[in-house]
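Here the numbering used here is used: the first residue of the sequence shown is 10, the next is one more, and so on.
Inspection log for the structure reproduced underneath, given as structure tokens.
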Amino acid sequence: MSEDPVLAGYRQSIDNIDAAMIHILAERFRITQAVGAHKAAHKLPASDPGREERQIARLRSLAEDAKLDPEFSEKFLRFIIEEVIRHHERAASSPD
10 MSEDPVLAGY
20 RQSIDNIDAA
30 MIHILAERFR
40 ITQAVGAHKA
50 AHKLPASDPG
60 REERQIARLR
70 SLAEDAKLDP
80 EFSEKFLRFI
90 IEEVIRHHER
100 AASSPD
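Dropping the structure here:
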């Protein structure tokens, strides 16, 4: 049975978006690793709760504008933030 060409087109678009998201996340984590190294070198705290809350509020607003569920967006961002903080804590505790 041959694949539905409309469905195949949708799936190709999804595959392209998924690939772009992975590359964007990789770039984001490269930058946050540099932030973690800077924080560790200057003995700054691994997390900045004020900035995190401002970012979440900003991205919830962007999600609403984009017609994306802001609850989902917040969960996704909090997951990323928690991972970044874990990396920053590891950078702070690693020997120079």
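For each residue, glycine too, the CB sits at the ideal point set by N, CA and C.
- Between Ile-90 and Glu-61 a beta carbon distance of about 5 Å is seen, short of the 8 Å cut, so the two are scored as contacting.
- For the segment 40-79, there is no continuous beta strand (DSSP E) assignment of 3+ residues that stays within its boundaries.
- Separation of the CB atoms of Ala-100 and Ala-49 is rounded to 4 Å, and the pair is thereby assigned contact status at 8 Å.
- Put simply, the segment 66-80 does not touch the segment 15-23. Fewer than three CB pairs are less than 8 Å apart.
- Three or more Cβ pairs closer than 8 Å define a contact, and the segment 92-99 meets that threshold against the segment 38-57.
- Looking at the backbone, the Cα of Ile-40 and that of Ala-46 are separated by about 10 Å.
- Here DSSP, grouped into helix, strand and coil, assigns Asp-13 to coil.
- The residues Ala-72, in chain order, have a CB closer than 8 Å to that of Phe-81 in the same chain once the five nearest residues on each side in sequence are set aside.
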